[in-house]
Amino acid sequence: MNTEQHKQAYRAASKNKQGTATLPATEDKKTLLHYYYQMLLVRRFEEKAGEMYTKARIGGYCHLNLGEEATVVGFCNGFESDDYIYTNYREHGYALHRGISASVVMAELFGKETGCSRGRGGSMHLFDLERRFMGGYGIVGGQLPLATGAAFAVSYRGGHEVVACQMGDGTTNGGPFHESLNLAKIYHLPIVYFVVNNQYGMALSVEQGSAVGELYRKACAYDMRSVRVDGNDVLAVRDAVREAAKFAREQHEPSLIEAVSYRFRGHSVVDPDRYRNPEEVQKARAQDPIHAFADRLKAADLIDDEGLQKIEEQVQQEVEEAVKFAEESPFPSVDTLMDYIYA
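What follows is the structure, encoded as structure tokens:
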């Protein structure tokens, strides 16, 4: 499948699964509305983070989840609270829906003492041990050996937890990916590898950077269970993650999930995104997972425009309060410069 065929197939799958497709009758209204709220919170939080970066409130690197909200929310709702989560550097949304408040995440982006990493981690290194959110990692693929090792530890002590390891599509081309999957299968580890295929590894398309464009197929080299899902469908992502987590927990075997989505902006806040055709970006935005899910909710008579506006206002208030909290929080004291380091 060439580049254009892949993109056409992706758009067709998104259109078929989204749009005004009916929602499963077994789904609870409160849960579905909460998913919408969660996706909208990621969107508005990330938009505000981008704004704060341009105002120099946030320094260093900053990678946003814009366009990937369904993958984020589906992923986070597929695991139990005592499972371990490892992510890459595009992790703001995952931290939010792992239970870290928007105020605490924003404070961390601002480098404030009240942040989840005490202002020492910033955008790429959010961390919360209590919630078993084991951090974002700035090195591409750096989280995979650590997550695999954590799964080995769980297996070794006979634990019931599952380890979740999120990554981008470019990570599947690196050595840590193949070494980790190989060991996970050899040792029958309770881990779920979750690839967010937003179709570009920085400025390089998946087809240009990988001999295998359908990334879930790479797991077959390790005789590992794998599946590809529409990353614009929050329910499809959640169900795939739940099934993989159950498989890991009960069968003590690893899985790989590829969720196909699209990031709306450049690789990071400072990326001008000149390498993508504007028409391609426009078509992808037309498949906006948040708008599509709102249409499905309305089609099912679960909410109307007034109800959607109330959720919008609630989210906007939460984001504004997060910025206020971050602005008013103190920076770490200079005399704590050597705290939290090994040597």
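Numbering of the sequence shown is given in the working numbering, commencing with residue 3 and proceeding in unit increments.
Glycine residues also receive a C-beta, built at the ideal position from the N, C-alpha and C atoms.
Remember, it's a predicted structure, so these values are computed and weren't measured experimentally.
Cβ distance (whole Å) where residue i is taken to contact residue j below 8 Å
{"i": "LEU347", "j": "GLU93", "result": "What the structure shows of the chain is the stretch from 3 to 345, and residue 347 is not part of that stretch, so it cannot be assessed."}
{"i": "PRO291", "j": "MET54", "result": "Between MET54 and PRO291 the Cβ distance is about 24 Å, and since that is not below 8 Å, they are no contact."}
{"i": "ASN234", "j": "GLN168", "result": "The pair is not a contact, with the Cβ atoms about 17 Å apart (cut-off 8 Å)."}
{"i": "ILE170", "j": "ASN90", "result": "Checking the displayed sequence, the identity of residue 170 turns out to be Gly instead of Ile. So it is a contact: roughly 6 Å between Cβ atoms."}
{"i": "CYS64", "j": "SER270", "result": "6 Å"}
Sequence-distant residues of its chain with Cβ nearer than 7 Å to residue i (five each side left out)
{"i": "GLU115", "result": "GLY121, SER331, PRO332, PHE333 and PRO334"}
{"i": "TYR189", "result": "PHE154 and SER157"}
Best match in the options for proximity to residue i [C-alpha to C-alpha]
{"i": "ARG240", "options": "GLU281, TYR344, PHE196 and ALA213", "result": "PHE196"}
{"i": "GLU255", "options": "ALA109, ASN184 and THR56", "result": "ASN184"}
{"i": "TYR88", "options": "GLY113, GLU245, ARG133 and LYS57", "result": "ARG133"}
{"i": "ASN175", "options": "GLY80, GLY101, VAL317 and LYS220", "result": "LYS220"}
{"i": "PHE47", "options": "TYR344, ALA328, ASP337 and LEU339", "result": "ALA328"}
{"i": "VAL283", "options": "LEU131, ARG298, ARG251 and ARG267", "result": "ARG267"}
{"i": "VAL214", "options": "ALA205, GLU252 and ASN199", "result": "ASN199"}
{"i": "LEU339", "options": "HIS269, GLY123 and GLY52", "result": "GLY123"}
{"i": "LYS326", "options": "LYS32, TYR39 and LEU111", "result": "LEU111"}
{"i": "SER83", "options": "ASP130, CYS222, CYS64 and LEU206", "result": "ASP130"}
{"i": "GLY113", "options": "VAL336, LEU206 and ALA345", "result": "VAL336"}
Span separating the alpha-carbon of residue i from that of residue j
{"i": "LEU98", "j": "VAL107", "result": "7 Å"}
{"i": "SER125", "j": "TYR342", "result": "18 Å"}
{"i": "PHE135", "j": "GLN145", "result": "12 Å"}
{"i": "ALA72", "j": "VAL236", "result": "4 Å"}
{"i": "LEU35", "j": "PHE295", "result": "10 Å"}
{"i": "ALA109", "j": "ASP273", "result": "23 Å"}
{"i": "VAL317", "j": "SER103", "result": "12 Å"}
{"i": "ASP307", "j": "ASP225", "result": "48 Å"}
{"i": "SER105", "j": "GLU49", "result": "15 Å"}
{"i": "LYS187", "j": "TYR218", "result": "15 Å"}
{"i": "TYR158", "j": "CYS78", "result": "25 Å"}
{"i": "LYS19", "j": "GLN319", "result": "For LYS19, the pLDDT reaches just 43, beneath the cut-off of 50, and the residue's location in the model is therefore unreliable, although a value from the coordinates is still provided. So the two alpha carbons sit approximately 31 Å from each other."}
{"i": "GLY177", "j": "LEU191", "result": "19 Å"}
{"i": "ALA246", "j": "TYR202", "result": "25 Å"}
{"i": "ARG265", "j": "HIS293", "result": "15 Å"}
{"i": "GLY309", "j": "GLY62", "result": "38 Å"}
{"i": "TYR277", "j": "GLU216", "result": "22 Å"}
{"i": "ARG251", "j": "ARG244", "result": "10 Å"}
{"i": "LYS17", "j": "PRO280", "result": "In this predicted model, LYS17 has a pLDDT of only 45, less than 50, meaning its place in the structure is not dependable; the value taken from the coordinates is given anyway. Distance between the alpha carbons of LYS17 and PRO280 is about 20 Å."}
{"i": "ALA205", "j": "CYS222", "result": "27 Å"}
DSSP-derived helix/strand/coil call for residue i
{"i": "ARG227", "result": "strand"}
{"i": "THR24", "result": "coil"}
{"i": "ALA213", "result": "coil"}
{"i": "GLY62", "result": "coil"}
{"i": "ALA149", "result": "helix"}
{"i": "GLU71", "result": "helix"}
{"i": "MET126", "result": "coil"}
{"i": "ASP232", "result": "strand"}
{"i": "LEU339", "result": "coil"}
{"i": "ASN175", "result": "helix"}
{"i": "GLY101", "result": "coil"}
{"i": "GLU320", "result": "helix"}
{"i": "ILE292", "result": "helix"}
{"i": "MET204", "result": "coil"}
{"i": "ALA109", "result": "helix"}
{"i": "GLY137", "result": "strand"}
{"i": "CYS118", "result": "coil"}
{"i": "LEU191", "result": "coil"}
{"i": "ALA14", "result": "In this prediction, ALA14 scores a pLDDT of 44, lower than 50, which makes its location untrustworthy; the coordinate-derived value is nonetheless stated afterwards. It is helical."}
{"i": "ASN199", "result": "strand"}
{"i": "GLU308", "result": "helix"}
Close-in-space but distant-in-sequence residues of the same chain around residue i (CB under 6 Å, 5 per side omitted)
{"i": "VAL165", "result": "TYR86, ALA149, ALA152, ALA153 and ILE193"}
{"i": "THR173", "result": "VAL142, GLY143 and PHE179"}
{"i": "GLY95", "result": "VAL44, ASN67 and VAL74"}
{"i": "GLU322", "result": "none"}
{"i": "ALA242", "result": "VAL229, VAL231 and ILE259"}
Any chain B beta carbon closer than 9 Å to residue i
{"i": "GLU82", "result": "Chain labels in this structure do not include chain B; a single protein chain is all it has."}
Own chain, CB closer than 8 Å to residue i, minus 5 neighbours either side, in chain order
{"i": "TYR139", "result": "TYR88, THR89, ASN90, TYR91, MET126, HIS127, GLN145 and LEU148"}
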